[in-house]
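Before any comments, here is the structure.
There are 2 protein chains.
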Amino acid sequence: MTTHALPQPTRAELAILRVLWKQGPSTVRQVHELLRGTQDKDTGYTTVLKLLQNMTEKGIVQRDESERTHVYEAALSETRTQRDLLRDLMDRAFGGSATSVVAQALSMKRASAEELAEIRRLLDAHEKRGK
Amino acid sequence: MTTHALPQPTRAELAILRVLWKQGPSTVRQVHELLRGTQDKDTGYTTVLKLLQNMTEKGIVQRDESERTHVYEAALSETRTQRDLLRDLMDRAFGGSATSVVAQALSMKRASAEELAEIRRLLDAHEKRGK
DNA sequence: AAGAGTCAACGACGCTTGTCGTAGATGTCC
DNA sequence: GGACATCTACGACAAGCGTCGTTGACTCTT
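Given below as structure tokens:
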């Protein structure tokens, strides 16, 4: 086992990761400004820097310091991270039942008609592949 | 606005809530012992007591202190809490997309054949009701 | 080359979480 | 009524998190 299972990102770290996934490799300043756009919270520049440094320490982002202005990049894919986070919540709150998770997801009115159709397609594809 | 939107339970608090949901109203000692059964972690009696006191303070559980040995009960239903937690994760990590959540849930091999059938039934029921 | 701007690094502070030790109150048993 | 057990309450503590202020290094402009 060489995969060390990186620590879960915290709330603030996840917000930064989302910027990194959307924008690709970015500098501290870029992350800071993009974050201001998508957040109601107003986070200071040095706070973002510190968070990025912590995340580098933990290995959840990678840093290119070949230039004076460092460039940060997410170490794990968005999909992978989503899976880890959902797995964790599923175990902690849903007794490990994927069915319960789906049931709750559907019960939220965010699930529109198009979303339902999309989910049905996913289900079909998954069932066929599972055969 | 009388609904104050109770704070999210922490990891340790959620573990306790799960005992409460399964066993119904319980004393500290009962929670402590049941927890020892379902957890690998060995949590001390006073730790459980303190957690329960904190949770009472936050309003996450309700305490009946009519007897010397207090009895604790979850203030919110399991389903309601699951919904709140999933909503939060969906917003923070999935951009609010229920479809993405379902896709990730399905991608975990926990989803067995029976689970898939169950999910399909949920989907049918939900679609019909939405009509 | 001086001054202004940009940047990473360092250290600190307040808060929350989870962990108990200890004390004090309330029973129970002989 | 004394000894012992059980239970809650109080307070402390370490670790993690999110927040910055400050400092020193580097760069650019004039």
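Taken in order, these protein sequences are the chains called A and B. Here the working numbering is used: the first residue of the first sequence is 688, the next is one more, and so on. Here the working numbering is used: the first residue of the second sequence is 688, the next is one more, and so on. We put the CB at the ideal spot given by N, CA and C, even for glycine.
query	result
L739 of chain A versus A:A692, A:V718, A:S799, residue with shortest Cα-Cα distance	A:V718
Span of the alpha helix (DSSP H) around R767 of chain B	765 to 780
Residue from A:L722, A:D775, A:Q695, A:R807 with nearest C-alpha to A790 of chain B	A:R807
Span of the beta strand (DSSP E), counted from its first residue to its last, around R750 of chain A	748 to 751
Contacting residues, own chain, Cβ-Cβ under 6 Å from P694 of chain A (five flanking each side not counted)	K745
V706 of chain A versus D751 of chain A - alpha carbon distance	17 Å
Close-in-space but distant-in-sequence residues of the same chain around L701 of chain B (CB under 7 Å, 5 per side omitted)	none
Under the three-state DSSP convention, the category A761 of chain B falls into	strand
Members of the stretch 787 to 816 of chain B near chain A, C-beta cut-off 8 Å	S787, V788, V789, A790, Q791, A792, L793, S794, M795, R797, A798, A800, E802, L803, E805, I806, R807, L809, L810, H813, E814
Selected residue, minimal CA-CA separation from T768 of chain A, among B:R779, B:L704, B:T714	B:R779
Residues sharing a beta bridge with S713 of chain B, DSSP	B:Y759
Member of A:S753, A:I747, A:D775, A:H757 whose CA lies at the smallest distance from the CA of V715 of chain A	A:H757
Residues in the stretch 759 to 776 of chain B having any Cβ partner in chain A nearer than 8 Å	T766, T768, Q769, R770, L772, L773, R774, L776
Residues near F781 of chain A in its chain [Cβ-Cβ closer than 7 Å; skip 5 each side]	S787, V788
Cβ distance (whole Å) where V735 of chain B is taken to contact M742 of chain B below 8 Å	So it is not a contact: roughly 10 Å between Cβ atoms.
Beta carbon proximity, L701 of chain B to chain A, threshold 8 Å	yes
Neighbour flag for A692 of chain B against chain A, beta carbons, 8 Å	no
CB contact flag (H813 of chain B, L810 of chain A, <8 Å)	no
Backbone CA spacing between R698 of chain B and D775 of chain A [nearest angstrom]	10 Å
Residue from B:I703, B:G711, B:T733, B:T766 whose Cα sits closest to the Cα of G724 of chain B	B:I703
Inter-residue spacing [alpha-carbon to alpha-carbon] between S713 of chain A and G783 of chain A	36 Å
Three-state class that DSSP yields for S799 of chain B in the structure shown	coil
Endpoints, alpha helix (DSSP H) assigned at L793 of chain B	785 to 794
Where the alpha helix (DSSP H) containing L693 of chain A begins and where it ends	Element bounds for L693 of chain A: n/a, residue is neither H nor E.
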